[in-house]
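Numbering (our numbering), first residue to last: 3 to 99.
The beta-carbon is built from N, C-alpha and C at its ideal position, and this holds for glycine as well.
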Amino acid sequence: RAGRRANTMSSKEALQLYRSLMRSSKKFSQYNFREYFMRRAREDFRAHKAETDSAKIAELMQRGRQELAVIDRQGTLSSLFTEDQRHVVEMRKSQKP
Numbered sequence: 003r004a005g006r007r008a009n010t011m012s013s014k015e016a017l018q019l020y021r022s023l024m025r026s027s028k029k030f031s032q033y034n035f036r037e038y039f040m041r042r043a044r045e046d047f048r049a050h051k052a053e054t055d056s057a058k059i060a061e062l063m064q065r066g067r068q069e070l071a072v073i074d075r076q077g078t079l080s081s082l083f084t085e086d087q088r089h090v091v092e093m094r095k096s097q098k099p
């Protein structure tokens, strides 16, 4: 029962980390950076979704937290130096009815 609770807790923490990574990635003003970090988070979480080794999960969570800190820092810097230009893909998305 304790193992199941730990597994549930780690999956809840992983979901929170995933959402935080997505939110932080959206802070980038530049389309390419924003999309890169969102894609990377999705791919990393998908690649390790079946992981059951608790030591490996703890290592992955720690690495994810470190990446989140970097993305937060870089996102803040990105917002300080924004350009008014938008990427072509962003302009096309806003023009669709």
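Indicate whether S31 and D74 have their beta-carbon atoms separated by less than 7 angstroms.
Their beta carbons are not under 7 angstroms apart, which means S31 does not touch D74 by this criterion.
Does DSSP put R3 in a helix, in a strand, or in coil?
Below a pLDDT of 50, predicted positions are generally treated as unreliable, and R3, at 48, falls in that range; the measurement from the model is reported next regardless. Reduced to three states, the DSSP call for R3 is coil.
Which residues bound the alpha helix (DSSP H) around Q64?
Here the alpha helix (DSSP H) through Q64 covers 56-82.
Compute the Euclidean distance between the alpha carbons of R7 and R48, then round it to the nearest angstrom.
Note that R7 has pLDDT 48, beneath the 50 cutoff, so the model's placement of it is unreliable and the number below is only indicative. Cα-Cα distance, rounded: 22 angstroms.
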